[in-house]
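Engineer: Position 38 of the sequence shown, counted from 1, bears residue number 1412 in this note's numbering, the numbering being contiguous throughout. All C-beta atoms, glycine included, are put in the ideal place defined by N, C-alpha and C. Please read through the structure below; I'll follow up with questions.
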Amino acid sequence: MPVEVNFAAFVFSLVRSAFIHLGEEPDPVTGEKKISLQLAKETIDIISMLEEKTKGNLTQEEDQLIKNLLYALRMRFVEIASRKS
């Protein structure tokens, strides 16, 4: 059964990609967990750009969703990046 395509589903798909690049989830193709900080940062930057470009056009729930997910991703990115250096 197809998932409804809406803003939240789109953001969640980007967030999932970021978590895959952070090594938090296995790659759906290889099944391996691998960290790519560059790809994670690019994905986080895309979500951030999306937040900026949609400012004023989101429902309160969508706005909170993207803010909360970005915060969680950024904190996780910093934690993983500090361990790798």
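Report the option in Val1403, Ser1422, Lys1429 whose CA atom is closest to the CA atom of Val1389.
Structural biologist: It is Ser1422 whose Cα lies nearest to the Cα of Val1389.
Engineer: Which of helix, strand or coil does DSSP assign to Leu1396?
Structural biologist: strand
Engineer: Thr1404: which of Ile1394, Leu1411, Gln1412 sits nearest, CA to CA?
Structural biologist: Ile1394
Engineer: Who are the near neighbours of Ile1454 in its chain, counting only those whose CB is closer than 6 Å to its CB and skipping five residues on each side?
Structural biologist: Leu1396
Engineer: Which partner residues does Ile1409 have in the DSSP bridge list?
Structural biologist: Leu1396
Engineer: Between Ser1410 and the rest of its own chain, which residues show a CB-CB distance below 7 Å, the 5 nearest in sequence each way excluded?
Structural biologist: His1395
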